[in-house]
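Same order as they appear, the protein sequences are chains A, B and C. Our numbering puts the first residue of the first sequence at 1, with every later residue one more than the last. Our numbering puts the first residue of the second sequence at 1, with every later residue one more than the last. Our numbering puts the first residue of the third sequence at 1, with every later residue one more than the last. Built from N, CA and C at the ideal position, the CB exists for glycine as well. First up is the structure itself, then whatever we jot down about it.
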Amino acid sequence: MIIELLNMGGYGFYIWTSFLLVAVFCFLLYYKTQKTLKKYEKELALELEKLPKEHRKRIARSSKVISSILASQNKLS
Amino acid sequence: MNFFSFGNIIIYIDRFINFINSIFFVILIVGLTFALIISPIDYLQGDTVRIMYVHVPSAWIGLSIFSIIAISTILNYIFKIKNLFLLLKSLAPIGLLFTGLSIVTGSLWGKPTWGTWWAWDARLTSMLVLMLFYVLFILSLKYLKDKENLPKILSAISILGVINIPIIKYSVEWWSTLHQPASIKFLGTSSIHYSMLIPLFLMLLVLLLYCALIFLMKYKTEIIKIKKQNIKRL
Amino acid sequence: MLTKKIKTRLLFLLSVIFITLLFLTFIYLSLKKNILYFKTPSEIFIVDEIMINSKIRVGGMVKKDSIQQNNKEIKFVLTDYKKELIVVYNGAVPNLFSEERGAVVEGKLNDKSYLIADRILAKHDENYMPPEMKKILENAK
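See below:
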């Protein structure tokens, strides 16, 4: 049955290559996007670290973006 | 508070990303099972018809993303809406990916059925032109230093490109092509048996969810970039 | 609502659209002949002598019971149900090539009803269905 599935009536090469290509390229784009996102999140968190503590707290209260990123970074570390 | 402020958007983005992550693999496995195992073979093409389940959704996505990009580029150029600019910037790579995939899978489908990897017929050529427009669009987005005139240039590219969209759509009806006419029409019945429509739409759903996931992640990255630039002003 | 700035931008867009359409019309007019991937046997019949000996593509249906195959070459009739064209080819044909199905042949015309092909492509239609369904449809005919 497995052989049959791989063979696909003789067209296995074309079918599996097209499905695999879609999977591989989709994964590559996902991987790259994920990496860039993580990189920028981290950089933003580092920038915030540099600020004085009082200032940082005030920003975290006023900006939802900052607070959500700080929260996700804290979860990681 | 504005609903479309970055603060509100980012909370919804996180929720959506979590939601998609939780259901994606289930739908992927169901879709693949239907596409590769359960669905019947075609009376004429045999198993090769399964390539349709990745080829057709990819082409649809490639075409619709370009249309969305073109509309938002033009609206952004006229009314200067920041969110639209982030939207088109996040969508463009996804559209390029699927246009490329639809060409490659189409080639892999053409070899066993038509007997050739490529033919310069109207449909295939106009699809290649669409891909070139995507490349042009993304390159100018990435490397043009003149930020002032960028929306203007992007609008010009998208107008040129969007005129190509109806050409792609109707090429198979207007001219004699090697590519067969559309099986699924907006109005009227489809010429695909329902047992093959199920995997087709399941795979479309899988790829759409994937697009949404990448789009949200890219959008979030863009918001963070802006916040990082503005950090001194906070 | 429309400020002056927005009006200038709209004007720019309209001029881009206008210029593009103009260019497209020119491109279309000059490519008119090449944009068709193949000609039909009827179209071959009405053209002048010039076509002969230059490469062309002809598309149509393979006529029923017309395929003759020997060990060297394959000979069949391509038809658009009005005019017919005899095609000779030596080489492997695509899997989907068979009687009463579409095909596109590429080659040189010997005369208006005889073509020596050096490439054969199969053309299929937009209908997809399982084999059982096809049988039901055929029985209903």
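Between the alpha carbons of C:LYS7 and B:ALA156 lies a distance of about 16 Å. As DSSP reads the structure, C:ALA103 sits in a beta bridge with C:GLY60, C:ALA122. Beta-carbon to beta-carbon, C:LEU109 and C:ILE44 are separated by about 7 Å, close enough to satisfy the 8 Å threshold. Annotated as proximal: C:MET133 and B:HIS193, with beta-carbon spacing under 8 Å. If you check the CB distance, A:GLU47 and A:GLN73 do not come in under 8 Å. DSSP places C:PHE45 within a helical segment (H, G or I) once states are collapsed to three. Between B:MET52 and B:LEU209, the C-beta gap is not smaller than 8 Å, which leaves the two residues out of contact. Taken atom to atom, the span from the alpha-carbon of A:LEU20 to that of C:LEU22 is near 43 Å. According to DSSP, residue pairing for B:THR116 in a beta bridge does not occur. With its beta carbon at least 8 Å from every one in chain C, B:HIS55 lies outside the interface. Linking B:VAL135 to B:SER183 through their CA atoms gives a straight-line distance of about 29 Å. Residue-level contact by beta carbon fails for C:GLY107 and chain B, as no gap is shorter than 8 Å. Chain B places no beta carbon closer than 8 Å to that of A:LEU20, leaving this residue out of the contacts. Across the structure, B:SER64 and B:ALA70 are spaced so that their CA atoms are roughly 10 Å apart. If you look at C:THR20, you'll find it in the alpha helix (DSSP H) that goes 4-31. Contact between B:TRP114 and C:LEU121 holds: CB atoms are separated by about 5 Å, below the 8 Å threshold. Of the residues assessed, B:GLU222 falls on the buried side of the cut-off, its CB having 16 or more other CB atoms within 10 angstroms.
When the beta-carbon positions are compared, B:LEU154 and B:PHE137 come within less than 8 Å of each other. Neighbours of B:TRP175 across chain C, judged by C-beta separation under 8 Å: ILE35, LEU36, TYR37. Within chain B, the residues placing a beta-carbon under 7 Å from that of A:GLU43 are LYS228, ordered along the chain. Residue environment: B:LEU86 is assigned as buried (16 or more neighbouring CB atoms within 10 Å of its CB, all protein chains considered). Boundaries around B:PHE6 are those of the alpha helix (DSSP H), 6-33, since no beta strand (DSSP E) includes it. In the three-state scheme derived from DSSP, where H, G and I count as helix and E and B as strand, B:ILE192 is classed as strand. Taking C-alpha positions only, C:LEU10 is separated from B:ILE78 by approximately 7 Å. In the three-state scheme derived from DSSP, where H, G and I count as helix and E and B as strand, C:ASN90 is classed as coil.
Here the alpha carbon of B:LYS220 sits roughly 40 Å from the alpha carbon of B:ASP121.
Inclusion of B:PHE98 and B:ILE61 in the CB contact set at 8 Å is warranted, their separation being smaller than that value. For C:LYS82, the secondary structure class from DSSP, reduced to helix, strand or coil, is coil. Within 8 Å of the CB of B:THR105, the CB atoms of chain A belong to SER18, LEU21, VAL22, in sequence order along the chain. Per DSSP, the continuous alpha helix (DSSP H) segment holding C:ASN139 begins and ends at 131-140. Contact between the segment 100-110 of chain B and the segment 43-51 of chain B is present: 3 or more CB-CB pairs across the two stretches fall below 8 Å. Cβ neighbours of B:ASP42 within its own chain (closer than 6 Å, five residues either side excluded): VAL49. Between C:VAL88 and C:GLU73, the C-beta spacing is below 8 Å. When Cβ-Cβ separations below 8 Å define contact, B:TRP109 makes contact with chain A.
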